[in-house]
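Per UniProt numbering, residue 1 is the first one in the sequence shown, and the count goes up by one each step. For reference, the structure discussed in these notes is given below.
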Amino acid sequence: MRFFLDENMPQGMIAHLSSVFKPHEFVGVRELRVKGVEDVELFGRVAAADCHVFITADLAQLTRAAEREACRVAELHWIGVHQVHAPGFHVIAGPTSTLVHALPFALEHMESSSTPQYFKLRKSERANTRIFHSSGYL
1 MRFFLDENMP
11 QGMIAHLSSV
21 FKPHEFVGVR
31 ELRVKGVEDV
41 ELFGRVAAAD
51 CHVFITADLA
61 QLTRAAEREA
71 CRVAELHWIG
81 VHQVHAPGFH
91 VIAGPTSTLV
101 HALPFALEHM
111 ESSSTPQYFK
121 LRKSERANTR
131 IFHSSGYL
């Protein structure tokens with residue numbers, strides 16, 4: 001499958017996701033030359049570029065009827081990832097780790113579905129007390 005990362009996603013994720021999911025291809029706004037294109041038009045252009053999955057941090061697209069319809073008409077699967085508003089590595093590590101964990105499950109659904117599916121992913125935890133099962137001194 002070919003995945004498109006919307007401009008609101010860290011484009012540096014493309015290399016990371018490509019290294020993990022080698023049979024699949026990940027592209028972004030630079031490769032498709034679609035920076036600044038409005039969402040309704042963007043879905044059609046992404047599909048015309050032979051992409052199958054649209055990955056975005058704009059979770060509100062699911063609630064905007066015109067955008068949801070445009071995605072469905074373009075026959076794109078949709079994956080929504082929470083934005084991480086934090087300094088440093090959290091900006092890319094949070095969404096990347098969430099996608100790396102979720103994609104195998106989403107792929108199973110997408111590959112067995114004849115119609116476009118959506119997946120709104122859970123927010124990754126940033127607080128070390130919630131991400132670790134336990135921690136302490138050795």
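Glycine included, C-beta positions come from ideal geometry on N, C-alpha and C. Predicted, not measured: the structure shown is a model, and the values here were computed from it.
Ordered along the chain, which non-local residues of its own chain (more than five positions away) have a Cβ less than 6 Å from that of residue i?
i	result
cysteine 51	Arg2 and Phe4
lysine 123	His82
Measuring CB to CB, does residue i end up less than 8 Å from residue j?
i	j	result
valine 37	arginine 45	yes
leucine 32	valine 81	no
lysine 35	glutamate 7	yes
valine 40	glutamine 11	no
leucine 62	tyrosine 118	yes
Please name the residue, chosen from the options, that lies closest to residue i on a Cα-to-Cα basis.
i	options	result
methionine 110	Trp78, Tyr137, Phe89 and Gly88	Trp78
alanine 102	Met9, Leu17, Pro10 and Pro87	Leu17
leucine 107	Ala15, Pro23, Met13 and Ile92	Pro23
aspartate 116	Ala47, Leu59 and Met13	Reading off the sequence shown, one finds proline at residue 116, where the question assumed aspartate. It is Ala47.
For residue i, which residues in the same chain have their Cβ closer than 7 Å to its Cβ, ignoring the five residues on either side in sequence?
i	result
phenylalanine 43	Phe54, Ala70, Cys71, Ala74 and Leu76
isoleucine 92	Pro10, Gly12 and Met13
Return the chain-ordered list of same chain residues with a C-beta closer than 8 Å to the C-beta of residue i, the five sequence neighbours on each side being excluded.
i	result
methionine 9	Gly28, Ile55, Thr56, Ala57, Val81 and Pro95
ask   = Counting Cβ pairs closer than 8 Å, one from the stretch 86–100 and one from the stretch 61–75, do we hit at least three?
value = Counting C-beta pairs with one atom in each stretch, the stretch 86–100 and the stretch 61–75 have fewer than three that are closer than 8 Å, which means they do not touch.
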